[in-house]
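First comes the structure, then the notes that go with it.
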Amino acid sequence: MPAYVHGGDVYTFAARFGGAPVDLSANINPYGIPERVKQAMLDAVDACTQYPDPFCRAARQAIGAAEGVDPDRIYCGSGAADVLDRLATVLRPKTALLLAPTFAEYERTLTDARLCFHMLRADEAFAVTERILDDITPELDAVYLCHPNNPTGRTITPALLREIAVRCAQVGARLIVDECFLDFVADGAQRTLVPLLDEFPTLVLLRAYTKMYAVPGVRFGWCMTADAALIEGLYRVGQPWNVSVVAQACAVACARERNFAQESTARIACERAYLAAQLAARGLWVCAGEANFLLFRAQDVDLQDKLARRGILIRDCSNYRGLTRGYYRTAVKTRKESDALLAALDAVQKEEG
């Protein structure tokens, strides 16, 4: 089997250790699936005797109403990864610019492209700065941004985002911005690039309900763009029934759960501040992330394994382009889970003397 490069691999953990971990390797809302979303999925089971709507009409209507976007500008897929695959198939960029470090799926989908990398710097706390503008050149067909970025959790200032969009338009590069974690940013509603869709027709925004509504096992994501030809192309590649009946019902219910998202974001912000302070107090460097996870650096390059032996699963980030051994990512979850991580860290440090 190929190597698995993401978090959330509780199956390998169980096979190795014989039980379930405290999983801090996947950035999922710790407050679980909202009850109305659960009920909507249960109610949809009887409709599984029919093929799913290939155009996800109800889901697009609900998302459009929630986001203030024309449903015809929305394409739905089986998770954001499915949409990324289809975007790569339709756009076929010859040259693309990616951040480093960033989410590995962008690079995986761009198998036929020449990839350029804008290297984020530790001495800038992995922030995206105006340096990126120098890397957006006429040879590029596409620029991929993760906002907030994974694994750093850093956002880009609104002014710089607009400058990036303008520069991409000037050089003729498609701008794909992954906003899948933006729900967890305190002022995320003011940070989205949705208002720029009309101004920049080649802008594509990627979203998912996976993280906020704790449904990674359901698989639902979507993109938004004013480019009607691109939307048409996404429908034409791949199978027509890529989003299940249950996933579409889940999406409709999630789109209506705005209070849940706002309450979760506020609670997680408090837990993020607590965990960041506690990690720093233990001598660890912590990136100033704004989402529901934290990137940190430790001297111990075997920390993931040592914590796993104590029932805690974190994400080793050494396989991210631009990072080295000793970088790790932990999800921000409940105080109980954070304290379990901190207790395990203390035990490792005590054992090491």
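Here the numbering used here is used: the first residue of the sequence shown is -18, the next is one more, and so on. The beta-carbon is built from N, C-alpha and C at its ideal position, and this holds for glycine as well.
Please identify the residue among the options whose C-alpha is closest to the C-alpha of residue i.
i, options, result
"D327", "A261, C161, I249", "A261"
"R38", "D24, L23, G58, E244", "G58"
"A234", "Y216, A123, R41, E332", "R41"
"N8", "F274, E213, C231, D104", "F274"
"Q20", "L323, A228, A324", "A228"
"L126", "P35, Q220, E16, F162", "F162"
"R54", "D116, Q285, V185", "V185"
"G169", "G292, T206, R239, I14", "R239"
"F84", "S299, A(-5), A254", "S299"
"Y190", "D164, P11, G0", "D164"
"L304", "R(-3), A81, D66, R17", "A81"
"E244", "P176, M193, E86", "M193"
"E16", "A195, A321, A106, H(-13)", "A195"
"R316", "Q220, E252, A242, Q285", "E252"
"R89", "A69, P35, D115, P197", "A69"
Along the alpha helix (DSSP H) that carries residue i, what are the first and last residues, could you check?
i, result
"M22", "16 to 25"
"G169", "169 to 172"
"C149", "139 to 152"
"V233", "226 to 236"
"T246", "239 to 262"
"G214", "209 to 217"
"T30", "Counting along the chain, T30 falls outside any alpha helix (DSSP H), and DSSP gives it neither H nor E."
"V329", "316 to 333"
"A46", "38 to 48"
Which residue comes first and which comes last in the beta strand (DSSP E) that contains residue i?
i, result
"D159", "155 to 159"
"G58", "55 to 58"
"V124", "123 to 127"
"Y308", "308 to 312"
"L68", "Counting along the chain, L68 falls outside any beta strand (DSSP E), though it belongs to the alpha helix (DSSP H) covering 61 to 72."
"L275", "274 to 278"
"F107", "From DSSP, F107 is part of no beta strand (DSSP E); its letter is neither H nor E."
Mind checking whether residue i and residue j have CB atoms under 8 Å apart?
i, j, result
"V64", "Y56", "yes"
"I145", "I113", "yes"
"L96", "A77", "yes"
"R278", "Y308", "yes"
"P132", "V166", "no"
"Q296", "R306", "The sequence shown places Arg at residue 296, not Gln. Against a cut-off of 8 Å, the Cβ pair of R306 and R296 comes out as no contact."
"L187", "A272", "no"
"L141", "V109", "yes"
"A210", "F181", "no"
"L323", "P2", "no"
"K75", "D122", "yes"
"L265", "R67", "no"
Exposed or buried, which one is residue i when buried takes at least 16 other CB atoms within 10 Å?
i, result
"W222", "exposed"
"D4", "buried"
"L23", "exposed"
"D283", "exposed"
"V218", "exposed"
"T92", "exposed"
"C29", "exposed"
"Y(-8)", "exposed"
Report the CB separation of residue i from residue j in whole angstroms; it is logged as a contact under 8 Å.
i, j, result
"L72", "R155", "6 Å"
"A342", "A25", "As displayed, the chain neither begins before -18 nor continues past 334, which places residue 342 out of reach and without an answer."
"T206", "L174", "The Cβ separation is near 11 Å, so there is no contact."
"I249", "V313", "5 Å"
Report whether the distance from the Cβ of residue i to the nearest heavy atom of the ligand SAH is below 7 Å.
i, result
"C37", "In the structure shown, the ligand SAH is absent, as is every other ligand, since no ligand is present at all."
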